[in-house]
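Numbering-wise, the working numbering comes out as the position in the first sequence, counting from 1, plus 5. C-beta: ideal position from N, C-alpha, C; glycine also. Single-structure report; data block below.
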Amino acid sequence: MFEDIEKKWQAIWESKPRKYDPNREILAIDTPPPFTSGTLHMGHILSYSYIDFIARYKMLRGYTVFYPQGWDAQGFPTEIKIENKYGRDLPREEFRQRCVEWSYEMIDKMKSQMRRMGYMIDWNHEYITMLPEYHRMVQESVIQMWKQGDIYRDNHPVLWCPHCESAIAKAELEDRDFDAVLYDIDFGTVKISTTRPELLHACVAVMVHPEDERYRSSVGKTAILPIYNREVPIIADQDVIPEFGTGAVMVCTYGDYQDLVWQKRHNLPVIEGIDKHGKLKNSNYDGLDTQSARERIVEDLKRLGAIVREQRYKKIVKVHDRCKNPVELIYSYEWFASLRKHRDKLIEVAKSIRWTPEFGIYHYIDWLNNLDWDWIISRDRVFGTPLPFYVCSKCNHIEPADSLPFYPERAEPKTCPKCGSYMSPESKVLDVWIDSSITPLVVSKYYQDRKFSEATFPNYIRIQGVEIVRTWALYTIYRVWRLTGKIPWREILLNGNVLAPDGRKMSKSLGNVISPDDLLKEYPVDALRQWAAMSGALAKDRPFSYEDIKYAKAFLIKYWNASKYVLSKLQRVSGNVRLRKVDRWILHRLSEVIRDVTDAMDRYEFREAITTLHKFYWNEFCDFYLEYTKWRFQENVDVEGAVYTLTKVQEEFSKMFSVFAPHLAYEVYWMMFGKEIDGWPTFSFYDEDAKREVERFNREVSMVRTYKISNRMSIKTPIESWKTNDHFDQELSEELRKVMNIKVIV
RNA sequence: GGGCCCGUAGUCGAGUGGCUAAGACGCCACCCUGACAUGGUGGAGAUCCCAGGUUCGAAUCCUGGCGGGCCCACCA
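Spelled out as structure tokens, the structure:
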């Protein structure tokens, strides 16, 4: 039953033409383009359901909503898939083509999942980051930022995998335990501890803790490197741990991240110690890899008597997640976007956006305040947007590409206007966050359609995970603000992650992954969507709950059955409508629910909204009101009032419920009124007296029910008399007798 | 070490100054009642993490402690 209804309405929604009048306000939603992995996980379902709730709510409120969907196709995982399938030796263009084909397959799979969820996405406005048109927009934006001085090329330490010969990102690091040896080496005035003696030639200073009594007198003096006999300064720094080793440490460029911090902080010189192949340079051991060099230098140091102590030491080493080889920090030419110089302004800009929940902005501010260096935007990869620049091989002069999209393989050679040398097209590609950080401009057709972008930009809202505030949200705000001088969206809404039912992260190795496809075998789409709403708290991780989705399914069945009851009474409306007190009560409650749900939706409190709807419909409308109408139909008393009230509740409830459970709500509405849901409720009817009286009345009904249960009677079993301590007027006394099958009230 | 979030029945959780601290799952009892047994009705079950403080009044606000989670940094 559910499946037929789902298919029917999905087809109707998709075939509906969407019209956007650029002369009116259009609410544009900046939806996350998922990475094209081929499957949506529960986190996607949560996030995209939130988006759909907002879109449907705003549509029903009468707004024009622009709700497109994009795909973040480019990136490392796809390259690995293709490498595994075709090897590493394909020509660049062919390799990229294979990646494109593979991504299209994945998009098809994910798209059908999204359609199955009933999302009201406008598929006529899809964007994919790997397409030439998208490349063109990205490259245009990058050239503009370069012209503004926001993008520069610089020699800078980067994380480098000597095995793969590529710069890599922090996110690609993995920790691995290594058995190392900690050597204490005599530097004349001080003894230092190190696990990497082979970097001795790249040593530029020795660090000690400022409060370390042992070295207080040495600070400001120099130490002498054995073998090389070079002097380096001894400097005091808070970051040194006096308890570790000798309490003195050599700074090399670069042994690890801490070296980089110290080198920057104390303005130390740089001696490049390792080349791109992982071999030593500028040393007495040039050409050896780090392992062999270490063995050789330890021998040499021992011969000199410079090693005063060695001890076994378990060390955590950062390795490349793909090849498991240790990474190095090396100097390399890379491209950067200058985030840091705009730090204060970026915080100010972010404050003019409405963050839900509010604390989300602290993730942003905190990160921005702790940035050590600018955003490295270049990568040595293939499946990415090429950097649209030429670099002079002699004087490093930069020229932007003349025509976009720009692909280095097909680029015409250039001559440097400065020195006349050959200019080679840059072969690096851009970080994928460069692609995805202009989505508000892409959505608004900023580079294609001025009129449309004026109506849609800044976008109404961005919805995204809290864990990528530091990347996607920050980069988007930064780029869009630098490109247009405006905020990308007026609001940003953050969602959390879905954990496994046991409260841990879902992971394949733990075997606790729950997939939407599996759930949909057992639960209707509208149940899964309600789960998303019930999952509640924004920007907070929450375990997946079978209880919630079971309840959601049970609720759908309840709604369906109650609707059948209402439907069976629908034809009988005629004559004047006289409302009894119970009618006035439920209409009053309906009005309160409309008010409360509207308010909750405006605050994006979906859990509050769906819970209010559930409780009202099941615990008030079904459990009490529906029962109150049965005798009236049997005895033909005030039937018109009952029909009017049942219909009104059903109508307004279905409109609100359609945000969360659109398939069934549209079906029920269609069966009752022969048309589609076309607006948010505006109904309002308040009767405080009826509310107070009937709530007393409900309590009395519960007491009669309790009495019958405790006497092993069925609810419908008649009883002779009932003694009440409360007082009810004639109408409610009659109601009590009829509803509970009592002969006399005393 | 820095930042953020959180601690309420067996479990999950609503509630951010004031009625008897929601609701769901689970548990117990009864009821096939005519929309629904994928149901109905009722019941048991809470030192609201601990200690102070503010207040006429604290689960709620403040301080400290204990415990958990997430992100970031991290020992050469």
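Quick one, are the C-beta atoms of residue i and residue j less than 9 Å apart?
{"i": "Y139", "j": "I312", "result": "no"}
{"i": "V664", "j": "Y62", "result": "yes"}
{"i": "I197", "j": "V254", "result": "yes"}
{"i": "Y556", "j": "H619", "result": "yes"}
{"i": "P441", "j": "P38", "result": "Note that residue 441 is Ser in the sequence shown here, rather than Pro. Cβ distance < 9 Å, so S441 and P38 count as in contact."}
{"i": "Q469", "j": "S52", "result": "yes"}
{"i": "G580", "j": "L65", "result": "no"}
{"i": "P329", "j": "S383", "result": "Reading off the sequence shown, one finds Lys at residue 329, where the question assumed Pro. Going by C-beta atoms, K329 is not nearer than 9 Å to S383."}
{"i": "V224", "j": "I240", "result": "yes"}
{"i": "G154", "j": "W18", "result": "no"}
{"i": "E179", "j": "H347", "result": "no"}
{"i": "Y564", "j": "V654", "result": "no"}
{"i": "Y259", "j": "A207", "result": "yes"}
{"i": "L273", "j": "V256", "result": "yes"}
{"i": "E361", "j": "L498", "result": "Before going on, a small fix: residue 361 reads as Thr here, not Glu. Yes, these two residues count as a Cβ contact at 9 Å."}
{"i": "R495", "j": "I358", "result": "yes"}
{"i": "Q144", "j": "P418", "result": "no"}
Who are the near neighbours of residue i in its chain, counting only those whose CB is closer than 7 Å to its CB and skipping five residues on each side?
{"i": "S429", "result": "Y395, V396 and S398"}
{"i": "G43", "result": "M111, K114 and M115"}
{"i": "M606", "result": "Y62 and A614"}
{"i": "P202", "result": "Y188, I190, R299, I302, V303 and L306"}
{"i": "E698", "result": "K586 and L737"}
What are the partner residues of residue i, as DSSP defines its beta bridges?
{"i": "G75", "result": "Y132"}
{"i": "F394", "result": "P405"}
{"i": "L285", "result": "I279"}
{"i": "I156", "result": "A342"}
{"i": "K419", "result": "M428"}
{"i": "T729", "result": "In DSSP, T729 forms no bridge with anything."}
On the CB-based measure, 16 or more other CB atoms within 10 Å of its CB, does residue i come out buried or exposed?
{"i": "T461", "result": "buried"}
{"i": "D371", "result": "exposed"}
{"i": "T687", "result": "exposed"}
{"i": "T199", "result": "buried"}
{"i": "H368", "result": "buried"}
{"i": "R484", "result": "buried"}
{"i": "G67", "result": "exposed"}
{"i": "M6", "result": "exposed"}
{"i": "L376", "result": "exposed"}
{"i": "I492", "result": "buried"}
Output needed for residue i: all residues of its chain with C-beta closer than 6 Å, excluding positions within five of it in sequence on either side, in chain order.
{"i": "Q118", "result": "L45"}
{"i": "L293", "result": "L285"}
{"i": "S738", "result": "I750"}
{"i": "E98", "result": "E414"}
{"i": "R219", "result": "none"}
{"i": "T36", "result": "I56 and Q74"}
{"i": "P506", "result": "P548 and F549"}
{"i": "A78", "result": "T41, S108, I133, T134 and M135"}
{"i": "K558", "result": "Y528 and A532"}
May I ask you to check if the CB of residue i is nearer than 8 Å to at least one heavy atom of the ligand ZN?
{"i": "A505", "result": "Although the ligand ZN was asked about, the structure shown includes no ligands whatsoever."}
If we ignore side chains and look at the alpha-carbon of each, how far apart do residue i and residue j end up?
{"i": "N374", "j": "L351", "result": "11 Å"}
{"i": "A172", "j": "W340", "result": "12 Å"}
{"i": "P27", "j": "V447", "result": "16 Å"}
{"i": "S343", "j": "F690", "result": "58 Å"}
{"i": "R594", "j": "A647", "result": "15 Å"}
{"i": "F58", "j": "L479", "result": "25 Å"}
{"i": "R93", "j": "T444", "result": "32 Å"}
{"i": "V237", "j": "G425", "result": "42 Å"}
{"i": "E657", "j": "E30", "result": "26 Å"}
{"i": "H168", "j": "H49", "result": "34 Å"}
{"i": "K152", "j": "S20", "result": "44 Å"}
{"i": "G283", "j": "T295", "result": "7 Å"}
{"i": "N289", "j": "M212", "result": "24 Å"}
{"i": "P723", "j": "Y633", "result": "16 Å"}
{"i": "F249", "j": "I148", "result": "48 Å"}
{"i": "A210", "j": "W486", "result": "41 Å"}
If I measure Cβ to Cβ from residue i and keep anything under 8 Å in the same chain, skipping five residues before and after, which residues do I get?
{"i": "V706", "result": "F629, L741, V744 and M745"}
{"i": "W165", "result": "S171, A172, I173, K281, V332, E333, L334, I335 and S337"}
{"i": "D546", "result": "G501, N502, V503 and L504"}
{"i": "Q15", "result": "R120, R121, G123 and H668"}
{"i": "K450", "result": "F457, S458 and T461"}
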